[in-house]
Amino acid sequence: MAALGNPELNRIVAAAQTPLWDVTTGEGSTIMATRDSGVDGMPYVVIIGRSGRGYRASLYMPGDDITVEGDVIGEVAGNPREIGRQIRALLEDADLSSN
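Per this note's numbering, the very first residue in the sequence shown carries number 129; after that it's consecutive.
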């Protein structure tokens, strides 16, 4: 499957919006979601990147290095609206408690 163009990526981001998370397009065909952790400059981060026919979502706790692989919290696939809804559900259900 070819990389999604910006209009499709923007549709995914629009469908993934949630009040607690700031969802934006990242580099290339990635999506980044951030949420305030209460520590200045150290948000929770979820990076959603291409994986096979869909996307894989990885969670990073405040202070984690986002250049390495994070904790995978799910994979999503489908049309842009479905992918966005699935991402929104992953974000809303993400376990943000420290391990």
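Backbone N, C-alpha and C fix where the C-beta goes; we use that ideal spot for every residue, glycine too.
Asked                                                                                                    : Found
Local Cβ density within 10 Å of residue 204, reported as buried at 16 or more and exposed below that     : buried
Close Cβ partners of residue 182 (< 8 Å) along its chain, the five nearest in sequence each way excluded : 203, 204, 205, 206 and 211
Reference residue 140, options 180, 147 and 213, closest by Cα                                           : 213
Among 143, 136 and 135, nearest to residue 215 - alpha-carbon criterion                                  : 143
Buried or exposed by the 16-neighbour rule on C-beta atoms within 10 Å, applied to residue 148           : exposed
Spatial distance of residue 200 from residue 188 (CA atoms)                                              : 9 Å
Cβ-based burial, residue 225 [other Cβ within 10 Å; buried from 16]                                      : exposed
Environment of residue 135 [buried if 16+ CB atoms lie within 10 Å]                                      : exposed
Inter-residue spacing [alpha-carbon to alpha-carbon] between residue 158 and residue 177                 : 5 Å
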